[in-house]
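Enquirer:
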Amino acid sequence: MKKTVILLSGGIDSTVAAWKLRREDHTLIPVTFITYRRNKRELEAVEKIVENAGGYGLRVIDTSYLRELVDFPPKQASKILQHLSNPPNILIPYRNIIFYSIAAHIACYEDAEYVAGGHTYEDLGRLPDVGEDFFNSLRALLNQSLKGFEVKFLTPLTALKKPQVIKLGYELNAPLKLTWSCWSVYEKHCGTCPGCLARKQSFKDAGVEDSTEYLA
Ligand SMILES: [Zn+2]
Numbered sequence: 003m004k005k006t007v008i009l010l011s012g013g014i015d016s017t018v019a020a021w022k023l024r025r026e027d028h029t030l031i032p033v034t035f036i037t038y039r040r041n042k043r044e045l046e047a048v049e050k051i052v053e054n055a056g057g058y059g060l061r062v063i064d065t066s067y068l069r070e071l072v073d074f075p076p077k078q079a080s081k082i083l084q085h086l087s088n089p090p091n092i093l094i095p096y097r098n099i100i101f102y103s104i105a106a107h108i109a110c111y112e113d114a115e116y117v118a119g120g121h122t123y124e125d126l127g128r129l130p131d132v133g134e135d136f137f138n139s140l141r142a143l144l145n146q147s148l149k150g151f152e153v154k155f156l157t158p159l160t161a162l163k164k165p166q167v168i169k170l171g172y173e174l175n176a177p178l179k180l181t182w183s184c185w186s187v188y189e190k191h192c193g194t195c196p197g198c199l200a201r202k203q204s205f206k207d208a209g210v211e212d213s214t215e216y217l218a
């Protein structure tokens, strides 16, 4: 039996990653992080998705101090942004080194062999802390920090672009409808924000019916 801590955001990618691992007989330990001003609909989505998966106990980790760059002092934010050619919409400085270290702690407690995240091919071009180099370095650092336990990182979607991720999710019968991409906190997806527009386009590109209920 493969035991795996999976980081869930409530979005499409981490949900599909979870369903792929379930198909490969991983027993999942779902973890999600509360960050500063995190959209509450995302957390609700994680809860629904975990319930849909059969009710693995969800670990909700309070890291509410951690802020996105938009919530940084403008001077500090622009200092960091000028080093990124294709910055992502959401960037929390040092996010993954923090999230994956906490997940490794949980893996150690649970005696889980793996920690997994739903990073996609597009993420590799946008973020320095999702690729093979990053995870090899983090693994080495964790091994140096603690003897007697070793964690391995899995990123099962990094070969796939977003439409391929959606296609795979559809094939795996992942609950794509329950995932949340909207930047607003309405009951339903607004349909007009950048998150919703990208979601609509990705389903179109994937050739998969979009069963999301949009307000517009
Ligand atoms: Zn929206």
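Each residue of the sequence shown is one higher than the last, beginning at 3 in the working numbering. We put the CB at the ideal spot given by N, CA and C, even for glycine. It should be emphasised that the depicted structure is a prediction, and the values quoted were computed from it without experimental measurement.
Would you call the CB atoms of Leu-10 and Val-48 closer than 8 Å?
Expert: yes
Enquirer: Rounded to whole angstroms, how far is the Cβ of Arg-128 from the Cβ of Asn-88, which I believe are closer than 8 Å?
Expert: 5 Å
Enquirer: Could you tell me if the beta carbon of Thr-34 falls within a distance shorter than 7 Å of some heavy atom in ligand 1?
Expert: no
Enquirer: Can you name the residues that DSSP bridges to His-191?
Expert: BP columns for His-191 point to Tyr-216.
Enquirer: Closer than 7 Å: is that where the CB of Cys-110 sits relative to any heavy atom of ligand 1?
Expert: Because no heavy atom of ligand 1 lies under 7 Å away, the Cβ of Cys-110 does not count as near it: no.
Enquirer: Give the list of continuous alpha helix (DSSP H) stretches no shorter than 4 residues that lie fully inside the region 50-135.
Expert: 76-83, 97-112, 123-128
Enquirer: Span of the beta strand (DSSP E) holding Leu-30?
Expert: Counted as a single uninterrupted DSSP element, the beta strand (DSSP E) harbouring Leu-30 occupies residues 28-36.
Enquirer: Any heavy atom of ligand 1 within a distance shorter than 7 Å of the CB on Pro-17?
Expert: Just to set this straight, residue 17 is Thr in the shown sequence, not Pro. Answer for Thr-17: no, Cβ out of range of ligand 1.
Enquirer: Using only the heavy atoms of ligand 1, determine whether one of them is closer than 7 Å to the beta carbon of Ile-181.
Expert: One point to set straight first is that residue 181 is Thr, not Ile, in the sequence displayed. Not under cutoff, so the answer is no.
Enquirer: Am I right that Gly-12 and Trp-182 are in contact with their C-beta atoms under 8 Å? What's the rounded C-beta distance?
Expert: 5 Å
Enquirer: Which one or two residues does DSSP pair with Thr-6 in a beta bridge?
Expert: Leu-30, Tyr-116
Enquirer: Mind checking whether the beta-carbon of Ser-11 lies closer than 7 Å to any heavy atom of ligand 1?
Expert: no
Enquirer: Less than 8 Å between the CB atoms is what I'm expecting for Asp-15 and Gly-120, so what's the real figure, rounded?
Expert: 4 Å
Enquirer: Helix, strand or coil: which one does DSSP assign to Leu-156?
Expert: The answer is strand: DSSP assigns Leu-156 an E or B state.
Enquirer: Classify Val-210 as helix, strand or coil using the three-state DSSP reduction.
Expert: Val-210: coil per DSSP, three-state reduction.
Enquirer: DSSP on Gly-13, reduced to helix/strand/coil?
Expert: coil
Enquirer: Could you check whether Thr-122 and Gly-160 sit closer than 8 Å to each other, using their CB atoms as the reference points?
Expert: Residue identity check: residue 160 is Thr in the sequence provided, not Gly. Cβ atoms of Thr-160 and Thr-122: closer than 8 Å.
Enquirer: Once DSSP output is grouped into helix, strand and coil, what is the label at Ala-251?
Expert: A query on residue 251 cannot be resolved here, the shown segment of the chain reaching from 3 to 218 and no further.
Enquirer: Given a threshold of 16 other Cβ atoms within 10 Å of its Cβ, counted over all protein chains shown, does Glu-44 qualify as buried or as exposed?
Expert: buried
Enquirer: Please work out which residues of its chain come closer than 6 Å, Cβ to Cβ, to Cys-192, disregarding the five sequence neighbours upstream and downstream, and give them in chain order.
Expert: Cys-184, Ser-186, Cys-198, Leu-217
Enquirer: From what residue to what residue does the alpha helix (DSSP H) around Lys-164 run?
Expert: 164-173
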